[in-house]
Amino acid sequence: MAYRKTVASLVAAAALLGTSSASYAATDITWWHAMGGKLGEVVNQISTDYNDSQDACSLTPVYKGGYEDTLTAGIAAFRAGEQPNIIQVFDAGAATIIGAKGAVVPVEDLLKANDVPFNIEDYIAGVRYFYADSDGKMIGMPFNSSAPILYINDDAMKKAGVEAPKTYEEFEAITPKLKEAGYIPFVQSHLPWEFVENFKSRHNLQFATNNNGYEGATGTELVFGEPIKNHFKAAKKWLDEGLFGYYGTGWADNQQPFNEGKVALWIGSSGSFGGIADTVDFPFSATFLPYWESVEGANKASFIGGAALFAMSGKSDEENKCVASFFEYLTTPEVQYMWHKETGYVPITEAAYALAKKDGHYERTPAAEVGIQQLSLPGGEWTKGYRMGFYVQIRDVMNRELGKVFSGEASVDEAFATIKADGDKLLARFAKTIDN
Numbered sequence: 096m097a098y099r100k101t102v103a104s105l106v107a108a109a110a111l112l113g114t115s116s117a118s119y120a121a122t123d124i125t126w127w128h129a130m131g132g133k134l135g136e137v138v139n140q141i142s143t144d145y146n147d148s149q150d151a152c153s154l155t156p157v158y159k160g161g162y163e164d165t166l167t168a169g170i171a172a173f174r175a176g177e178q179p180n181i182i183q184v185f186d187a188g189a190a191t192i193i194g195a196k197g198a199v200v201p202v203e204d205l206l207k208a209n210d211v212p213f214n215i216e217d218y219i220a221g222v223r224y225f226y227a228d229s230d231g232k233m234i235g236m237p238f239n240s241s242a243p244i245l246y247i248n249d250d251a252m253k254k255a256g257v258e259a260p261k262t263y264e265e266f267e268a269i270t271p272k273l274k275e276a277g278y279i280p281f282v283q284s285h286l287p288w289e290f291v292e293n294f295k296s297r298h299n300l301q302f303a304t305n306n307n308g309y310e311g312a313t314g315t316e317l318v319f320g321e322p323i324k325n326h327f328k329a330a331k332k333w334l335d336e337g338l339f340g341y342y343g344t345g346w347a348d349n350q351q352p353f354n355e356g357k358v359a360l361w362i363g364s365s366g367s368f369g370g371i372a373d374t375v376d377f378p379f380s381a382t383f384l385p386y387w388e389s390v391e392g393a394n395k396a397s398f399i400g401g402a403a404l405f406a407m408s409g410k411s412d413e414e415n416k417c418v419a420s421f422f423e424y425l426t427t428p429e430v431q432y433m434w435h436k437e438t439g440y441v442p443i444t445e446a447a448y449a450l451a452k453k454d455g456h457y458e459r460t461p462a463a464e465v466g467i468q469q470l471s472l473p474g475g476e477w478t479k480g481y482r483m484g485f486y487v488q489i490r491d492v493m494n495r496e497l498g499k500v501f502s503g504e505a506s507v508d509e510a511f512a513t514i515k516a517d518g519d520k521l522l523a524r525f526a527k528t529i530d531n
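So the number in the numbering used here is just where the residue sits in the sequence shown, counting from 1, plus 95.
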């Protein structure tokens, strides 16, 4: 109902300008995104459906390559005064786009300025504040949101006579049996996201000073304590004992052995669900990302992954009104449920989640609900997220140094000392770009 009212107000505004509904030229807006393949097809369908739903605005989606390519193109376009109306920015790039002075209009301000009802509590708990500022104002509209979850080869569990683990202690107890059953017991797919960032969240551990970076770039430094170091020492031991497989930094390289039925347990994205369901020829299920029971305060919600949509500044009031209209459309329960079903990404609102449950989606596909359930677990002081600039480069440092741990070139302590030293230098450089 609220969406229809907004569309009606757009058409009414055109009429006031003396333009008939028959001859009214729709306001053009553009959306730069990083969704290729099937995901890009769904983005195009959403855009087409939005355009068909009203006559006041015309949205054109433009694929700009991967996440980093899209962010780089967006920043360059902003500096040249040629920015799109909407840009998709991934989690690691959020600080960069938010830190670019005057580059974006906070989505909460945009919606309220255009009379679109907004209540941050309407969004599921895990996505509310990741793209918000330190005061809790939503800056970016969560879009393709996901969580790292544990996928399970059910045949492997049955053959080994074990159940999927909830904790890493349970994992250590069952992995010898999985190995004896002929499987690689365990593989992950993204060390920074799954073994560092979400290790911090699942265990409610501080990731950086300045409230994980939310309170400002100046003086923000990485924080690494004994729990995460102990985790990587355990992972190196698992690798040496043939209980853990590591195939480099490429996501697909680590997922492929699971898809081929060689791996018993694989940490992937909740957004991987659709692709796995279309690919594997064995029964699978999913559960939460494991945690160490021995770490006090563990078993908390995880950070979201994926990306958000940001409204870029420097646009006319008419274009901003159309962006607000599209965001309102995008967050309707029906559209969010369609996006969730087609892609595996979580529905970002409580209403869309309720619609999926009412429709029996999770009775048909229980694994599709795991990411939402994990994001809805109780939070803690350090589970809101993080806000660090040049974080793409920091992830590169993590991959480089943690890879050295697994290859035997560096100890865990040496690796984290280097990650902190190089990471803190990058954070300091970013702070100078913000200050200048």
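Glycine is no exception: its CB is placed at the ideal position from the N, C-alpha and C atoms.
Using a Cβ distance threshold of 8 Å, L360 and P280 count as a contacting pair. Comparing alpha carbon positions, the residue from N214, K436 and N305 closest to A526 is N305. Inter-residue distance for A516 and R524 is about 13 Å (C-alpha atoms, whole angstroms). Within 10 angstroms of the beta-carbon of N214 lie fewer than 16 other beta-carbons, which makes it exposed. In the three-state scheme derived from DSSP, where H, G and I count as helix and E and B as strand, H298 is classed as coil. Contact annotation: the segment 438-447 does not touch the segment 261-270, with fewer than three C-beta pairs closer than 8 Å.
A residue is called buried once 16 or more other Cβ atoms fall within 10 Å of its Cβ, and T122 is buried on that count. In the displayed model, Q351 falls within a helix according to three-state DSSP. Contact between M483 and A190 holds: CB atoms are separated by about 6 Å, below the 8 Å threshold. Between S148 and Y424, the gap from beta carbon to beta carbon is short of 8 Å.
Taken in chain order, the complete beta strand (DSSP E) segments of 3 or more residues contained in the segment 153-193 are 181-185.
Counting the other CB atoms within 10 Å of its CB gives F353 a total of 16 or more, which places it among the buried residues. Per the C-alpha coordinates, the member of V492, M236, A259 and E391 positioned closest to Y246 is A259. Contact between the segment 223-237 and the segment 450-464 is absent: fewer than three C-beta pairs spanning the two stretches fall below 8 Å. Secondary-structure assignment with DSSP links M407 through a beta bridge to V199. Boundaries of the alpha helix (DSSP H) around D144: G132 to S148.
Shown here, L245 sits in a strand according to DSSP, grouped into three states. Per DSSP, H435 is one residue of the alpha helix (DSSP H) stretching across P428 to T438. Inter-residue distance for G188 and Q488 is about 10 Å (C-alpha atoms, whole angstroms). Annotation: G400 to K159 spans about 20 Å, alpha carbon to alpha carbon. Closest by C-alpha distance to Y481, out of G169, E163, G231 and Y162, is G231.
In terms of CA proximity to V390, K295 leads the group K295, L404 and I244. Only exposed fits P378, as fewer than 16 other CB atoms lie within 10 angstroms of its CB. K410 is the residue among G392, K410, N248 and F368 whose C-alpha sits nearest the C-alpha of E177.
Here K416 is actually not in contact with T478; their C-beta atoms are around 35 Å apart, not less than 8 Å. Relative to the Cα of P428, the nearest Cα in the group V418, V441 and A419 belongs to V441. Around V137, the same chain offers W434, E437 and T438 as residues with beta carbons nearer than 7 Å, after the five sequence neighbours per side are excluded. Per DSSP, the continuous alpha helix (DSSP H) segment holding I371 begins and ends at F368 to T374. Listed as beta-bridge partners of D412 by DSSP are no residues whatsoever.
Rounded to the nearest angstrom, the gap between the Cα atoms of Y145 and V211 is 16 Å. If you check the CB distance, V507 and F290 do not come in under 8 Å.
In the three-state DSSP reduction, F225 falls in the coil class, being neither helix nor strand. When the five nearest sequence neighbours on each side are left out, the beta carbons in the same chain lying within less than 7 Å of the beta carbon of K324 are those of V507, D508 and F511, in order along the chain. If you look at P280, you'll find it in the beta strand (DSSP E) that goes I279 to V282.
DSSP places V318 in the coil class of the three-state scheme, outside both helix and strand. In the three-state DSSP reduction, Y448 falls in the helix class (H, G or I).
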